[in-house]
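One structure is given below, encoded as structure tokens.
Residue numbers (the working numbering): 8 to 490.
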């Protein structure tokens, strides 16, 4: 290669990295600016007040541990998620602290993803790079940011456990390169904790992790893998964690309030609808294919692939692909079965995270540890830089990015924040045991990316009751449009 060509190539690489840095900065800035205007909604005040109202019955459960026990017995087995939410929301002033709590959860998810990748790649800089790539793709494609990163309950229950799962797999797989060395006690404890906690945040994440570990563990024992004992430890911890969640008395109570639960025709219709609306477009999304190219061509991923041989047989790839798609369909079907309706945005965020993890794993398995056709370094650099530039362009112009920028520019999020702050001021200044009527959120503010649910005109609705309990008033409702 001539000197001029080398300079041009270096400039192209530098430009691609600069564009990626700018893309990450734009996405991060949009998320930060939106999160700083986030305010508690829907069930947030249930956790904040450490109480929950059902119909005409009000329970006063002081203390986080008693509250978690009450919810476990009367509403949900997600004890870790409920406990974390109660800890965050009941010990800080609302609504002023809410944005910072949301940022803490975002940072925690990013760090867990980074630690998982670094555990495998080792190189901290490249782990940070791949974490940013994966995070930007997730941000660009995720179905419902408003029920994920902007809403604490959605982030804690439906997103945080999905970052625990790759860390668990990374901890186990990182032991493979040192087969002669037994895993440390600390690694075993971490695997047990991660496997035990994941189902406790969300039962759907737990069942998918348990099924995935069942397949991996069975394969490991059939092939006499040196990691089979570690996989068995992870499977056992996850089984126990899921069993505790599954037998929670509150699950039956909650399921009893869902009219269409278990309706077979609804399940079939909604699963097919979700496959058509979500799964097939995800498979065809060019951003995912660019992500695969970045994995296939990058030398750091190739070096990792060489340390993990014996994983890329045609039979293994096909088996993984079928298992992965089956788990996605099972996740959607389980959600529809329990909800009796189309899965909400927070659930589809979780399903998409499962899809993205499986897509990355499939792309990794499809790599050959010893490729018969090697790529020259110059061509490799061109392919990497070109794919990165295209990915940046598609992320920057994604619906989530464009909508977030539009909301900030046109003031929808500012209006939504102002109206929520006004409601807070009215409730805070209201007399104790008063029946408070607050104006509904305006149609303009409801178009904001932060808005997705609100209290209702019915003071007995659970979100109304929780809000009333938090502010110490008798009841809260929004005024009907005729008032």
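Glycine is no exception: its CB is placed at the ideal position from the N, C-alpha and C atoms.
query: Are the Cβ atoms of residue 358 and residue 332 separated by less than 8 angstroms?; result: no
query: Helix, strand or coil: which one does DSSP assign to residue 484?; result: strand
query: To the nearest angstrom, how far is the alpha carbon of residue 87 from that of residue 207?; result: 5 angstroms
query: In whole angstroms, give me the CA-to-CA distance for residue 302 and residue 90.; result: 37 angstroms
query: Check whether the segment 386–394 and the segment 294–313 are in contact - that is, three or more C-beta pairs closer than 8 angstroms.; result: yes
query: Note down the Cα distance separating residue 169 from residue 112, rounded to an integer number of angstroms.; result: 13 angstroms
query: Considering only residues of the same chain and omitting the five flanking positions on each side of residue 260, which have a CB-CB separation below 7 angstroms?; result: 81 and 82
query: By the three-class DSSP mapping on this structure, what secondary structure does residue 442 have?; result: strand
query: For the structure I just gave you, are there three or more beta carbon pairs, one from the segment 94–108 and one from the segment 44–60, closer than 8 angstroms?; result: yes
query: In angstroms, rounded to a whole number, what distance separates the CA positions of residue 235 and residue 94?; result: 37 angstroms
query: Thinking residue 457 and residue 157 are a contact (beta carbons under 8 angstroms), I'd like their distance in whole angstroms, please.; result: 5 angstroms
query: Just how far apart, CA to CA, sit residue 322 and residue 159?; result: 41 angstroms
query: I think residue 179 touches residue 241, with their Cβ atoms under 8 angstroms apart; what is that distance to the nearest whole Å?; result: 6 angstroms
query: Are the beta-carbon atoms belonging to residue 34 and residue 408 less than 8 angstroms from one another?; result: yes
query: Quick check: the Cα distance between residue 200 and residue 232, rounded to an integer number of angstroms?; result: 23 angstroms
query: Is residue 203 buried or exposed, if buried means 16 or more other CB atoms sit within 10 Å of its CB?; result: buried
query: By alpha-carbon positions, which one of 308, 244 and 278 ends up nearest to residue 1?; result: Any property of residue 1 remains undetermined from this structure, which presents the chain solely from 8 to 490.
query: Determine, for residue 43, whether the minimum Cβ-Cβ distance to residues of chain B falls below 8 angstroms.; result: The structure shown contains no chain B; it holds only a single protein chain.
query: Let me know the secondary structure DSSP gives residue 249 once reduced to three states.; result: helix
query: Look at residue 127 and residue 141 and say whether their C-beta atoms are less than 8 angstroms apart.; result: no
query: In the DSSP assignment, find the alpha helix (DSSP H) that holds residue 195 and state where it starts and stops.; result: 192–208
query: Give me the Cα-Cα distance between residue 247 and residue 356, rounded to the nearest whole angstrom.; result: 25 angstroms
query: When the Cα of residue 354 is compared with those of 423, 42, 250 and 212, which residue comes out closest?; result: 212
query: Please list the terminal residues of the continuous alpha helix (DSSP H) segment that includes residue 168.; result: 167–180
query: Leaving out the 5 sequence neighbours to the left and right, which residues in its chain are closer than 8 angstroms to residue 224 when beta-carbon positions are compared?; result: 235, 238, 239, 241 and 242
query: If I measure Cβ to Cβ from residue 76 and keep anything under 7 angstroms in the same chain, skipping five residues before and after, which residues do I get?; result: none
query: May I have the straight-line CA-CA distance separating residue 59 from residue 469, to the nearest angstrom?; result: Its pLDDT being 47, under 50, residue 59 is placed unreliably in this model, and the coordinates cannot settle the point.
query: Cα separation between residue 312 and residue 374?; result: 7 angstroms
query: So within the segment 59–124, which uninterrupted beta strand (DSSP E) runs reach at least 3 residues, ignoring any that extend past its ends?; result: 64–67
query: Less than 8 angstroms separating the beta-carbons of residue 47 and residue 136?; result: no
query: What's the C-alpha gap between residue 325 and residue 70?; result: 50 angstroms
query: Could you tell me the distance, in whole angstroms, from the CA atom of residue 467 to the CA atom of residue 487?; result: 15 angstroms
query: Residue 455 and residue 147: beta carbons closer than 8 angstroms?; result: no
query: Using CA atoms only, rank isn't needed, just tell me which of 182, 109, 115 and 198 is closest to residue 155.; result: 109
query: Could you tell me which of 410, 433 and 172 sits nearest to residue 245, measuring between CA atoms?; result: 172
query: Could you check the C-alpha separation between residue 257 and residue 210 for me, to the nearest Å?; result: 13 angstroms
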